[in-house]
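The structure appears below as structure tokens.
Numbering (our numbering), first residue to last: 33 to 140.
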């Protein structure tokens with residue numbers, strides 16, 4: 033398939049040039065950035081917003097608490113509704129930085 037070969041060639045070029053293909057923050061735009069620039073902007077965003085890495089994923093704790101509250105709500109929800117409200121295998125989202133190409137210095 034011609035499209036598959038084209039996509040494979042683009043991916044190979046990105047790898048060879050240490051570049052990343054990502055979506056822009058606004059508009060239907062795709063951005064190519066060097067990995068070093070992308071990592072630098074991500075680190076600037078993290079340090080500039082006082083973001084800290086958690087030692088443990090709190091998702092299972094929240095899941096247990098939410099499911100417990102759903103089970104306790106006997107008068108508000110029927111059993112079928114409870115079944116659809118419960119999440120079985122949640123996971124924390126991946127961190128992605130979307131470049132803001134409409135702003136000076138293209139921040140994340």
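Beta carbons are placed, not taken as given, at the ideal position from N, Cα and C, and that holds for glycine.
Nearest residue (CA-CA) to residue i, options the options
| i | options | result |
| --- | --- | --- |
| residue 128 | 96, 114 and 74 | 74 |
| residue 119 | 72, 95 and 66 | 95 |
| residue 98 | 45, 115 and 83 | 115 |
| residue 50 | 60, 36, 126 and 66 | 66 |
| residue 123 | 80, 102, 91 and 100 | 91 |
| residue 121 | 93, 84, 64 and 136 | 93 |
| residue 89 | 136, 125 and 36 | 125 |
Residue burial classification, residue i (beta-carbon count within 10 angstroms, cutoff 16)
| i | result |
| --- | --- |
| residue 70 | buried |
| residue 131 | buried |
Any non-hydrogen atom of the ligand FAD within 7 Å of residue i CB
| i | result |
| --- | --- |
| residue 77 | Only the bare structure without any ligand can be found here, which leaves the ligand FAD out of the picture. |
Beta-carbon spacing of residue i, residue j below 8 Å
| i | j | result |
| --- | --- | --- |
| residue 55 | residue 134 | no |
| residue 102 | residue 86 | no |
Straight-line Cα distance separating residue j from residue i
| i | j | result |
| --- | --- | --- |
| residue 43 | residue 34 | 14 Å |
| residue 78 | residue 53 | 20 Å |
| residue 139 | residue 62 | 15 Å |
| residue 40 | residue 46 | 10 Å |
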